[in-house]
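Trainee:
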Amino acid sequence: MELTQQTAAKIASAVRNGETTAEAVATAHFARIEKLDGTVKAFLNATKDAALARARDIDARRKKGEKLGALAGVPVALKDNIQLKGVETTCASKILKGHIAAYDATVVERLKNADAIFVGKTNLDEFAMGSSTENSAFQKTTNPWDAACVPGGSSGGSAAAAAAGMCSFSLGSDTGGSIRQPAAFCGVVGLKPTYGLVSRYGLVAFASSLDQIGPFTRTVSDAELALSVIGGHDPKDTTSAPNEPAPISAAPKDLKGLRIGLPKEYFIEGLDPEVEKSVRDAVAVLKSLGAEIKEVSLPHTKYAIATYYIIAPSEASSNLARFDGIRYGFMDRAATNLQEVYEMTRGAGFGSEVKRRIMLGTYALSSGYYDAYYSKAQRVRTLMANDFKEVFKQVDLIAAPTTPTPPFRFGEKTNDPIAMYLSDIFTIPSNMAGNASVSIPCGFSKKGMPIGLQLIADVFQEKKMLSTAKAYETLKPFALLKG
Amino acid sequence: MSVSDADVKKIAKLARLRLSDAEVALYGGQLTKILDSMAELAKADTANVPPTTSVLGAVNVMREDEPKPFEDIEALLAHAPDRDGPYFKVKKVIE
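As given, the protein sequences belong to chains A and B, one line each in that order.
For what it's worth, the numbering used here labels the leading residue of the first sequence as 678, then goes sequentially.
For what it's worth, the numbering used here labels the leading residue of the second sequence as 8, then goes sequentially.
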């Protein structure tokens, strides 16, 4: 079997029953990384020696008759804002260059307990701020389907690694679409679980009321499998919910009785016609399975971008205050007093977009502007969440495009922050309300670039959402990258 | 709303960011545009709408206040650009 094309579920069972070894699986994936990553540049740090040592240990434990975990020998890539003990965590920022994680994130601890192996840390927009991964301080990740296009962001490295078969699955973080948008651009499944379902302990915080960790996979079942391992309550994260992820389910035979809403505010002028056609075709497939399709309205969608770009930078300006040259990474040694240490370290250590957002957030929170910006945005956020509550009285799920356009080219939006921010218009609302949502591949543009269908469910309704995605996948299996 | 150079410098000071003159000019223009695009929020009627404080309606999470030693303090201290034994070292603050 071609190991780099297999599902995580298949690899784990093959390692457990001795059909293959964890070492063979790891070796095949590093061969793939060596072949492709010179162009894709998904990895900031591929941890081959540690991965092979861990794989051999898993194989030795199997030989001794030990029962192996749910992800036995499954190669996983981690976005480089998730802590893996003993390995550098940079957040793709100069300010954290050389920062060796002193502890494991809870998701990493759970992956270890399930006997997964770690192939490396993936590139991202610096501190997860961006929609193209062009804001990395270190390298540009290319889209595995066309190296002239961006992979999306901010979890672009994790999306590209999963799409190119350089891991079985990867983890990213989603604050305003940073899992779903790159998943759509790279033609993989990208799951943003309900806020609170996955612990953020060990995730470098960006905007704490929005951040959520989730997987990139090549099948819906693997997303369920990954979530079943990483999800569930964690006392180390005080925002962690008491809920446990649902067990893995079989694909339903049909969708009779399921009501799916199409929000009219998501099918608007500016939506690329190829994206619209693919999404409407996918909705027709869901209808052919028996789902009832109806138009719904989320009237406050038009405020999503403005609301997000007040709340997220405000929280970021506070969260990133800890990077001050005293406790971590980089310090500007030309500074002569403490104030200068802070200012010069941060001025030189942070990249352009991070500084822009810290400035924006500091402005929105500053005396005299708090009510007009931050407080107003948090009130509009309540209206956006109420929109979803109303709609989920009428339908079980929402179907929508993940992104307004197919993947764009390098440099196309880097000089215009507002144009870049608009890439997230359809993904931000779910973060605002804390909903579960997922992007699944639903076709290609004429240029051969992937397009994503977004399914959105009420909080903790992952099971309903993912079983619907599976029903679609059964009829329209997702294309794997050739070569 | 126009964000002046003086405004940018004031915000940068609050945010502890040293900016070059070119950055001051760049961010002034960009922040003006971004804030202008946010003016539409004023149109949303938020009278009697409470601000979101938690999407899950979470309440305070309480636990016993028991100190637990971190297993690898040296690994944390090793992050520091400057240290003195078991302490983070900073520039002199008091004359």
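Note that beta-carbon positions come from the ideal geometry of N, C-alpha and C, so glycine has one too.
According to the neighbour-count rule (16 or more other Cβ atoms, all chains shown, within 10 Å of its Cβ), is A/Ser-674 buried or exposed?
Mentor: There is simply no residue 674 of chain A to check, as chain A begins at 678 and stops at 1160 in what is shown.
Trainee: With a CB to CB cut of under 6 angstroms and the five nearest residues on each side skipped, what residues in its chain are close to A/Leu-935?
Mentor: In the first sequence, residue 935 of chain A corresponds to position 258, counting from 1. Counting only Cβ-Cβ distances below 6 angstroms, and skipping sequence neighbours, we find Ala-968, Asp-1073.
Trainee: Since A/Ile-777 and A/Val-764 are thought to touch, with beta carbons under 8 angstroms apart, how far apart are those beta carbons, to the nearest angstrom?
Mentor: For the purposes of this step, residue 777 of chain A is taken as residue 100 along the first sequence, with counting starting at 1. For the purposes of this step, residue 764 of chain A is taken as residue 87 along the first sequence, with counting starting at 1. Yes, they are in contact, since the Cβ atoms of A/Ile-777 and A/Val-764 sit about 7 angstroms apart, within 8 angstroms.
Trainee: What does A/Ala-1110 reach in chain B if we use C-beta pairs closer than 7 angstroms?
Mentor: For this step, residue 1110 of chain A is matched to residue 433 along the first sequence. Within 7 angstroms Cβ-Cβ: Val-62.
Trainee: So, are the CB atoms of A/Arg-1004 and B/Phe-77 less than 7 angstroms apart?
Mentor: By one-based count along the first sequence, residue 1004 of chain A stands at place 327. By one-based count along the second sequence, residue 77 of chain B stands at place 70. Contact flag unset, no.
Trainee: Counting only beta-carbon atoms, is B/Lys-75 nearer than 7 angstroms to chain A?
Mentor: Position 68 of the second sequence, counted from the first residue, corresponds to residue 75 of chain B. Chain A contact via Cβ: absent.
Trainee: One question on the structure: do A/Thr-984 and A/Ala-1054 come within less than 7 angstroms of each other, judged by their Cβ atoms?
Mentor: As a working mapping, residue 984 of chain A is identified with position 307 in the first sequence. As a working mapping, residue 1054 of chain A is identified with position 377 in the first sequence. Remark: C-beta atoms of A/Thr-984 and A/Ala-1054 approach each other more closely than 7 angstroms.
Trainee: Starting from A/Thr-783, trace the alpha helix (DSSP H) both ways and give me its first and last residue.
Mentor: By one-based count along the first sequence, residue 783 of chain A stands at place 106. Element bounds for A/Thr-783: 783–790.
Trainee: Taking the alpha carbon of A/Asn-758 as the point to measure from, which residue in A/Gly-1002, A/Ala-1012, A/Gly-891 has its own alpha carbon closest?
Mentor: Position 81 of the first sequence, counting from 1, holds the residue named residue 758 of chain A. A/Asn-758 has its Cα closest to that of A/Gly-891, out of A/Gly-1002, A/Ala-1012, A/Gly-891.
Trainee: Measure the CB-CB distance between A/Arg-1056 and B/Val-56 and report whether it falls below 7 angstroms.
Mentor: For the purposes of this step, residue 1056 of chain A is taken as the residue at position 379 of the first sequence. For the purposes of this step, residue 56 of chain B is taken as the residue at position 49 of the second sequence. Closer than 7 angstroms, so yes.
Trainee: From B/Glu-73 to A/Asp-1101, what does the alpha carbon distance come to, in whole angstroms?
Mentor: Counting from 1 along the second sequence, the entry for residue 73 of chain B is found at position 66. Counting from 1 along the first sequence, the entry for residue 1101 of chain A is found at position 424. About 42 angstroms.
Trainee: Fully enclosed by the segment 691–768 of chain A, which alpha helix (DSSP H) runs are 4 residues long or longer?
Mentor: 699–717, 725–740
Trainee: List, in order along the chain, the chain B residues whose C-beta lies closer than 7 angstroms to that of A/Lys-1053?
Mentor: Looking up residue 1053 of chain A in the first sequence gives position 376. Per Cβ cutoff of 7 angstroms: Leu-48, Thr-53.
Trainee: From A/Gln-1016 to A/Lys-817, what distance separates their C-alpha atoms?
Mentor: On the first sequence, position 339 is the one that residue 1016 of chain A refers to. On the first sequence, position 140 is the one that residue 817 of chain A refers to. Looking at the two C-alpha atoms, the distance is approximately 33 angstroms.
Trainee: Just to check my reading of the structure: A/Ile-688 and A/Ser-845 have Cβ atoms closer than 8 angstroms, yes? What is that Cβ distance to the nearest angstrom?
Mentor: The residue labelled residue 688 of chain A in the question sits at position 11 within the first sequence. The residue labelled residue 845 of chain A in the question sits at position 168 within the first sequence. About 6 angstroms separates the two Cβ atoms, so the contact holds.
Trainee: Exposed or buried, what is A/Thr-915 when buried is set at 16 or more other beta-carbons lying within 10 Å of its beta-carbon?
Mentor: Numbered from its first residue, the first sequence carries residue 915 of chain A at position 238. So A/Thr-915 ends up on the exposed side.
Trainee: Taking 7 angstroms as the threshold (beta carbon to beta carbon), is B/Asp-79 in contact with chain A?
Mentor: By 1-based counting over the second sequence, the position of residue 79 of chain B is 72. Taking Cβ atoms only, chain A reaches closer than 7 angstroms to B/Asp-79, which makes this a yes.
Trainee: Would you say B/Ala-13 reaches chain A, if we count a Cβ-Cβ gap shorter than 7 angstroms as a contact?
Mentor: Within the second sequence, the letter at position 6 stands for residue 13 of chain B. No, no contact with chain A.
Trainee: Is DSSP giving A/Ala-1134 helix, strand or coil here?
Mentor: In the first sequence, the residue the question calls residue 1134 of chain A occupies position 457. In this structure, A/Ala-1134 counts as strand in the three-state DSSP scheme.
Trainee: Could you spell out where the beta strand (DSSP E) holding A/Val-796 opens and where it closes?
Mentor: Position 119 of the first sequence holds residue 796 of chain A. Looking at the DSSP string, the run of the beta strand (DSSP E) that includes A/Val-796 is 794–799.
Trainee: So which residues on chain A does B/Ser-44 lean against when the C-beta distance must stay under 7 angstroms?
Mentor: Position 37 of the second sequence, counting from 1, holds the residue named residue 44 of chain B. Simply Ala-983, Ile-1095.
Trainee: In the DSSP assignment, the alpha helix (DSSP H) including A/Thr-894 goes from what residue to what residue?
Mentor: In the first sequence, the residue the question calls residue 894 of chain A occupies position 217. Here A/Thr-894 belongs to no alpha helix (DSSP H); instead the beta strand (DSSP E) covers 889–894.
Trainee: By the DSSP assignment, the alpha helix (DSSP H) with A/Cys-1119 in it spans what residues?
Mentor: Position 442 of the first sequence holds residue 1119 of chain A. First-last for A/Cys-1119: 1113–1121, but that is the beta strand (DSSP E), not the alpha helix (DSSP H).
Trainee: Taking the alpha carbon of A/Asp-802 as the reference point, which residue from A/Thr-1059, A/Thr-1091, A/Ile-735 has its own alpha carbon closest?
Mentor: Counting from 1 along the first sequence, the entry for residue 802 of chain A is found at position 125. Checked all of A/Thr-1059, A/Thr-1091, A/Ile-735; the closest Cα to A/Asp-802 is A/Thr-1091.
Trainee: Using a C-beta to C-beta distance shorter than 7 angstroms, which residues of chain A count as neighbours of B/Val-56?
Mentor: Reading the second sequence from its first residue, position 49 is the one you call residue 56 of chain B. Simply Arg-1056, Thr-1059, Leu-1060.
Trainee: Can you find a CB in chain B that lies within less than 7 angstroms of the CB of A/Leu-874?
Mentor: On the first sequence, residue 874 of chain A is found 197 positions in, with the first residue counted as 1. Answer no: the Cβ-Cβ gap between A/Leu-874 and chain B never drops below 7 angstroms.
Trainee: Using a Cβ cut-off of 9 angstroms, pull out every chain B residue sitting near A/Ala-782, in sequence order please.
Mentor: Translated into positions along the first sequence, residue 782 of chain A becomes position 105. Ordered by position in chain B, no residue passes the 9 angstroms Cβ test against A/Ala-782, which lies about 15 angstroms from the chain.
Trainee: Considering just the uninterrupted stretch of the beta strand (DSSP E) at A/Phe-815, what are its terminal residues?
Mentor: Within the first sequence, residue 815 of chain A is the residue found at index 138, counting from 1. Segment: none, A/Phe-815 is in no beta strand (DSSP E) and carries neither H nor E.
Trainee: Report yes or no: do the segment 950–960 of chain A and the segment 971–988 of chain A share at least 3 C-beta pairs separated by less than 8 angstroms?
Mentor: With the cut-off at 8 angstroms, the segment 950–960 of chain A and the segment 971–988 of chain A do not touch.
Trainee: So what does A/Ser-847 bridge to, in DSSP terms?
Mentor: To locate residue 847 of chain A, count along the first sequence from 1; it is residue 170. In DSSP, A/Ser-847 forms a bridge with A/Ala-754, A/Phe-893.
Trainee: Report yes if the C-beta distance between A/Ala-719 and A/Gly-1028 is below 7 angstroms; otherwise report no.
Mentor: Counted from its first residue, the first sequence places residue 719 of chain A at position 42. Counted from its first residue, the first sequence places residue 1028 of chain A at position 351. No, the pair does not count as a contact, with Cβ atoms beyond the cut-off.
Trainee: Quick one: what's got a C-beta closer than 8 angstroms to A/Lys-1124's C-beta in the same chain, skipping five residues either side?
Mentor: Within the first sequence, numbered from 1, the residue matching residue 1124 of chain A stands at position 447. Excluding positions up to five away in sequence, the list reads Asp-823, Pro-1083.
Trainee: Where does A/Leu-761 land, buried or exposed, given buried means 16+ other C-beta within 10 angstroms?
Mentor: Counted from its first residue, the first sequence places residue 761 of chain A at position 84. Buried, because 16 or more other Cβ atoms sit within 10 Å of the Cβ of A/Leu-761.
Trainee: Taking 6 angstroms as the limit between beta carbons, can you name the residues of its chain near A/Leu-680, skipping five residues before and five after?
Mentor: Residue mapping note: residue 680 of chain A aligns to position 3 of the first sequence, counting from 1. The residues are Val-702, Ala-705.
Trainee: Please list the terminal residues of the continuous alpha helix (DSSP H) segment that includes A/Pro-1106.
Mentor: Sequence index remark: in the first sequence, residue 1106 of chain A carries index 429 (1-based). Its alpha helix (DSSP H) spans residues 1105–1110.
Trainee: If A/Ile-982 sits next to A/Ile-1105, beta carbons under 8 angstroms apart, how far is it from one beta carbon to the other, in whole angstroms?
Mentor: Position 305 of the first sequence, counted from the first residue, corresponds to residue 982 of chain A. Position 428 of the first sequence, counted from the first residue, corresponds to residue 1105 of chain A. Between A/Ile-1105 and A/Ile-982 the Cβ distance is about 7 angstroms, and since that is below 8 angstroms, they are a contact.
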